[in-house]
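Following: one structure in structure tokens, then a few remarks.
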Amino acid sequence: MRKLRIYLMHILTLKGVSGVMDWENIRYFRAVIETGSVAAAARDLGVERTTVTRRIQALERETGLELFDRRGRRLVLTAAGQDYAHVTGRMSDAAQEAALCAEGIRPGMSGRIKISAPPSLAKARLIAPLLAFGFKHPKLEIELIGEIGFASLHRGEADIAVRLSRPEEGDLAISKMSPIAFHLYGHRDYVANTPEDKRRYIGQSDETVATPQHVALKQIAGGKFAIYLDDIDLQLAAVLAKGGIAALPDFLVEHQDDLVPLGAKTPLVEREVWSVTHNAQRHQERIKETINVIRQALH
1 MRKLRIYLMH ILTLKGVSGV MDWENIRYFR AVIETGSVAA AARDLGVERT
51 TVTRRIQALE RETGLELFDR RGRRLVLTAA GQDYAHVTGR MSDAAQEAAL
101 CAEGIRPGMS GRIKISAPPS LAKARLIAPL LAFGFKHPKL EIELIGEIGF
151 ASLHRGEADI AVRLSRPEEG DLAISKMSPI AFHLYGHRDY VANTPEDKRR
201 YIGQSDETVA TPQHVALKQI AGGKFAIYLD DIDLQLAAVL AKGGIAALPD
251 FLVEHQDDLV PLGAKTPLVE REVWSVTHNA QRHQERIKET INVIRQALH
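Quick note: the sequence shown uses UniProt numbering, first residue 1, plus one each step.
As structure tokens, this is what we get:
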């Protein structure tokens, strides 16, 4: 998102529409909206805060609109500002769409490609094959972003996203990968030395966005949780510390000889995995080849 607005400089070069409009001022306006403050927008744009303030003031003079309510300590959009933000947002989206289209038409296996994936999955399954892919194509710059949240493809935060849920909105090209199986795992010493009715579980801390594996685990645990952790690698660490039993993805424990599976052989949960890219980029050679590498890595 932070780099997106640079496209407005390249595509929206219509300074002087109706003799007054300066599109650079709009770029600063969009930066304030998207970052939430003048200070954050200044950091994002690499300028002084006073520069951002001057640009906003100039835009208000050009449009004759009061875009922000300045009575409080924070800038809040006025009703007119909200309407103007909606219109300029469509302009920004169109600019990004044009940039993605141009990028998608460019042939060859060169340039930077950004991939967003859950950190534990990226570390366990994607780093090695993507490195090998990069060695094979030295003109290709691969950036692997480990993040739990969803990167915005529309805003250019990633070219390809690996997600554990199927996207429902957006002009996206999606492809289903092999699912990820979750089983119950415990440290062999903990399992051997703890009676079944005394065993405790490692849960997920943020239940407002409870994962399917945590929902299934709650039905088994009966409230007997030793600790709640918001990261799958932390949950693994708790199990290795003999702190309890957790629902972990099989790929995470492949090389953990001290862990043993519990319960049925059938998975506690299977999570769907999807690769996602913007429709404007789906025919690009480097996108298609990279998705193939990811598919093979997750098989």
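Each residue gets a CB set at the ideal place from its N, CA and C atoms; glycine is no exception.
Annotation: Met109 to Val191 spans about 50 Å, alpha carbon to alpha carbon.
In chain order, Leu144, Ile160 place their CB closer than 6 Å to the CB of Ile115, counting only its own chain and leaving out the 5 sequence neighbours on each side.
Taken through DSSP and simplified to helix, strand or coil, Val260 comes out as strand.
Around Pro212, the same chain offers Val269, Arg271 as residues with beta carbons nearer than 7 Å, after the five sequence neighbours per side are excluded. The DSSP assignment places 188-193, 212-221 as complete runs of the alpha helix (DSSP H) inside the region 154-238, in order along the chain (cut-off: 4 residues). Each residue's CA atom was taken as its position, placing Ile220 and Ala122 some 29 Å apart. Closest in alpha carbon position to Ser120, among Ile287, Asp230, Gln281, is Asp230. Fewer than three pairs of CB atoms, one per stretch, sit closer than 8 Å, so the region 164-172 makes no contact with the region 123-141. Partner residues in the beta bridge of Lys114, as assigned by DSSP, are Glu143. C-alpha of Asp22 to C-alpha of Asp83: approximately 18 Å in a straight line.
Distance from the CA atom of Thr50 to the CA atom of Ala41, rounded to whole angstroms, is 11 Å. With a minimum length of 4 residues, the unbroken runs of alpha helix (DSSP H) contained wholly in the region 35-60 fall at 38-45.
Between Ile148 and Pro118, the alpha-carbon positions lie close to 5 Å from each other. Across the structure, Asn279 and Asp233 are spaced so that their CA atoms are roughly 33 Å apart. If you draw a straight line from the Cα of Thr53 to the Cα of Ala158, it comes to about 30 Å. The Cβ atoms of Phe133 and Thr290 sit closer than 8 Å to each other. Per DSSP, reduced to three states, the secondary structure at Ile245 is strand.
Of the residues assessed, Ser275 falls on the buried side of the cut-off, its CB having 16 or more other CB atoms within 10 angstroms. Where Arg74 is concerned, there is no enclosing alpha helix (DSSP H), because DSSP gives it neither an H nor an E.
Rounded to the nearest whole angstrom, the C-alpha separation of Val239 and Gly222 is 18 Å.
Taken atom to atom, the span from the alpha-carbon of Gln204 to that of Val162 is near 21 Å.
Per DSSP, the continuous beta strand (DSSP E) segment holding Thr277 begins and ends at 274-278. Here Phe182 is near Leu248, since their CB atoms are less than 8 Å apart. Per DSSP, Glu270 is one residue of the beta strand (DSSP E) stretching across 269-271.
In this structure, the straight-line span from the alpha carbon of Ala226 to that of Lys139 is close to 49 Å.
Between Ile202 and Gly263, the C-beta gap is not smaller than 8 Å, which leaves the two residues out of contact.
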